[in-house]
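Read in the working numbering, the sequence shown has 188 at position 188, and its numbers run on one by one without any break. Here's the structure, in structure tokens; my notes come after.
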Amino acid sequence: MKMAYRLGIDVGGTNTDAVILDERDRVIAKAKTPVTEDVLTGVVEVTRRVLAEAGLDPSHLAYVMLGTTQVTNAIIERKGLLPVAILRLGAPATTAIPPLSDWPDDIRAVIRGKTAILPGGVEFDGRPISSFDAEAVRRFVTEALDAGLRAFAVTAVFSPVRHDDERRVQEIIDALAGDRVSVSLSHELGSVGLLERENATILNAAVSDVARRVIEAFTTAMRSLGIRGELFLAQNDGTLMSLEYAQRYPILTVASGPTNSMRGAGYLSGLKDAVVIDVGGTSTDVGVLQNGFPRESAVAVEIGGVRTNFRMPDLISIGLGGGSIVRRDAKGTIRIGPESVGSHIVRRARIFGGEELTLTDIAVARGLLRLGDPARVGLSEAEIEAIHRRAVRMVEEAVDRIKTRAGDVPAILVGGGSVLLPERMAGIAPIVRPEHYEVANAVGAAISQVSGTVDRLFSLDGRRRDEALREAREMAIDEAVRAGADPDTVEVIEVEEVPLAYLPGNAVRIKVKAAGALRRL
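So, in structure tokens, the structure goes:
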């Protein structure tokens with residue numbers, strides 16, 4: 001029997017979800033398990049369950065897609081991060097603000113390895129700031145290697161315009177260290193804005209070891225189950241990347257969970273343009289679908305207190321989920337979250353004999369769910385309704401903040417915790433809760449395409465606009481193929497062109513996104 005099935009897995013804050021899709025992208029099996037301490041144990045367990053439900057031999061899976069929070073968690077928790085050799089090319093400019101200047105003290109202490117600001121980099125129009133000093137770079141790299149550093153982050157001024165100097169540093173590191181170290185180049189990750197792009201590059205380097213462990217464990221786990229299909233990780237624009245690509249750009253997995261949910265919501269509902277409300281066990285993520293893909297944030301985004309400018313979905317997250325703890329403060333005001341019982345809900349929620357009042361208790365008391373013992377909730381009808389109204393209002397406020405026009409907007413409700421929400425809410429209409437809503441995140445991972453994005457500055461002095469656009473399109477298509485797309489299926493799905501009037505030289509910022517189907521086996 002020819003392999004034709006897809007397995008999508010998404011690791012959330014509370015549950016690990018999985019679905020299997022057939023060759024027509026129909027859901028034929030789904031499963032959930034609580035997130036385990038080491039994450040991958042839960043991935044193996046949920047895979048076994050979903051294969052058993054489908055009655056499918058593991059060898060029939062053509063593709064396996066994983067959305068994981070482990071890179072995000074490593075940054076937030078400051079765990080598993082490598083010290084980084086940080087090299088900025090831009091001297092004598094940029095020396096007033098050294099790398100890591102605006103970082104929180106706790107993560108700076110973990111990541112700071114060796115730093116230097118050396119000659120190199122270019123002006124906005126590609127003219128050199130100062131001559132590249134290959135010998136100074138070799139000394140820096142040698143000293144970093146002697147200090148035992150295994151991760152390098154290289155940032156040159158205006159490298160999105162011209163990245164020759166960053167490539168020359170890569171060549172020097174390769175010559176001195178081979179494949180013993182990981183190298184992150186800023187022009188491959190961030191956009192215009194030196195410090196934010198440098199920050200993203202440093203974070204990418206710091207999590208390279210976390211990514212390696214995740215990829216190795218994922219591969220080992222799937223092969224131990226007899227799965228021989230091709231493996232992918234979800235990235236944060238709602239598409240996929242090969243494991244090799246993910247090892248080079250692990251930072252792109254940050255926020256992949258919410259984007260999986262958004263893509264899954266659009267696929268299950270048939271809507272391409274809508275607000276998506278994803279209610280999990282710990283939090284609710286509110287985002288916007290545009291033409292079937294998550295809308296990207298137009299502003300710099302903080303990750304673990306570090307300001308970055310690489311692509312991120314435009315999301316509003318609130319501490320409201322099925323496991324959110326409900327309390328009243330000294331003034332009697334209802335407080336929901338952000339504390340959550342998470343995957344321990346079966347021990348700590350009142351309906352199961354625990355002592356914490358959670359939103360799941362409220363849902364059971366209102367008859368929205370049939371779980372545990374409703375009599376254990378111990379609240380009056382008025383108290384239950386007041387808490388429920390507060391939860392609904394929190395979601396309505398989040399939708400109001402993210403929508404871009406007045407009046408009602410269509411919304412898709414997904415996630416296991418979405419049963420907490422009613423069919424009608426202020427400012428939202430119509431509201432769609434599609435079939436398989438509780439595993440939309442895993443569906444989103446399973447149906448995803450593979451993409452490539454280019455965000456560059458081009459000077460139109462001496463060249464035509466259509467030439468710059470064609471070059472950007474070709475670069476985006478090449479990037480999608482590198483990430484694992486079938487070259488015959490890749491097409492450009494988004495082009496954004498922004499003239500930069502404040503820069504001389506007829507400069508323009510061109511952003512192109514291309515996507516295609518997975519490589520044929």
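For each residue, glycine too, the CB sits at the ideal point set by N, CA and C.
Check the Cα spacing between Phe-218 and each of Val-439, Ala-483, Ile-9, Ala-480: the tightest is with Ile-9.
Here the C-alpha atom of Ile-76 lies approximately 30 Å from the C-alpha atom of Lys-30. Put simply, the region 220–234 does not touch the region 199–210. Fewer than three CB pairs are less than 8 Å apart. Contact between the region 138–157 and the region 80–91 is present: 3 or more CB-CB pairs across the two stretches fall below 8 Å. DSSP places Gln-290 in the strand class (E or B) of the three-state scheme.
Taken through DSSP and simplified to helix, strand or coil, Ala-507 comes out as strand. Our two residues, Arg-167 and Glu-474, have alpha carbons roughly 20 Å apart in a direct line. A distance below 7 Å between beta-carbons, with the five flanking residues on each side excluded, links Asp-361 to the following residues of its chain, in chain order: Ala-349, Arg-350, Ile-351, Val-377. Cβ contact annotation for Gly-322 (same chain, cutoff 8 Å, sequence separation greater than five): Thr-14, Val-279, Gly-280, Gly-281, Ile-345, Thr-358, Leu-359, Thr-360, Ala-363, Gly-416, Gly-417, Leu-420, in chain order. Secondary structure at Thr-259: helix, using DSSP grouped into helix, strand and coil. For Pro-374, DSSP records no beta bridge to any residue. Proximity to Ser-101 across Gln-290, Glu-491, Ala-265, Leu-195 peaks at Leu-195, based on C-alpha coordinates.
The straight-line gap separating the alpha-carbon atoms of Leu-460 and Glu-497 is approximately 12 Å.
Excluding its 5 nearest sequence neighbours in each direction, Pro-294 has C-beta neighbours in its own chain below 6 Å: Gly-238, Thr-259, Met-262, Gly-287, Pro-313, listed in chain order. Following the DSSP letters along the chain, one finds Leu-51 inside the alpha helix (DSSP H) bounded by residues 40–54. In the structure shown, Asp-278 adopts extended strand secondary structure according to DSSP, grouped into three states. Within the same chain, Cβ atoms closer than 7 Å to the Cβ of Ile-316 are found at Val-286, Ala-398, Arg-401, Ile-402, the five residues on either side in sequence being excluded. With at least 16 other beta carbons inside 10 angstroms of its own, Pro-58 counts as buried. Take Ile-107, set aside five residues on each side of it, and the residues of its chain with a beta-carbon closer than 8 Å to its own are Ile-75, Arg-78, Leu-81, Gly-304, Gly-305, Val-306, in chain order. If you check the CB distance, Arg-509 and Val-192 come in under 8 Å. If you look at Thr-220, you'll find it isn't in any beta strand (DSSP E); it sits in the alpha helix (DSSP H) that goes 208–224. Taking the Cα positions, Asn-204 is about 36 Å away from Arg-24. Residue pairing by DSSP places Pro-128 opposite Val-122 in a beta bridge. Sixteen is the threshold: since fewer than 16 other Cβ atoms of the shown chains lie within 10 Å of the Cβ of Ser-131, the residue is exposed.
The beta carbon of Val-46 sits closer than 6 Å to the beta carbons of Thr-16, Ala-18, Ala-31, Thr-33 from its chain, once the five residues preceding and following it are set aside; these are given in chain order. Per DSSP, the beta-bridge partners of Thr-33 are Thr-16. Counting only the Cα atoms, Glu-385 lies some 10 Å from Leu-379. Assigned with DSSP and collapsed to three states, Arg-6 falls in strand.
Taking 4 residues as the shortest admissible run, the region 312–368 contains the following complete alpha helix (DSSP H) segments, listed from N- to C-terminal end: 345–348, 359–365. For the set Leu-252, Leu-149, Gly-427, Gln-449, the Cα lying nearest the Cα of Val-409 is the one of Gly-427. Between the region 183–190 and the region 108–125 there are fewer than three inter-stretch CB-CB distances shorter than 8 Å, so the stretches are not counted as touching.
The shortest CA-to-CA distance from Arg-112 to any of Ala-136, Val-141, Val-137, Ala-151 is the one to Ala-151.
For the pair Leu-320 and Gly-342, the CB atoms are not nearer than the 8 Å cut-off. Spanning the alpha carbons of Val-183 and Ala-485 requires a straight line of approximately 24 Å. For Tyr-63, the secondary structure class from DSSP, reduced to helix, strand or coil, is strand. In its chain, beyond the 5 residues on either side, Arg-138, Val-141, Thr-142, Leu-145 have a beta carbon closer than 8 Å to the beta carbon of Leu-176.
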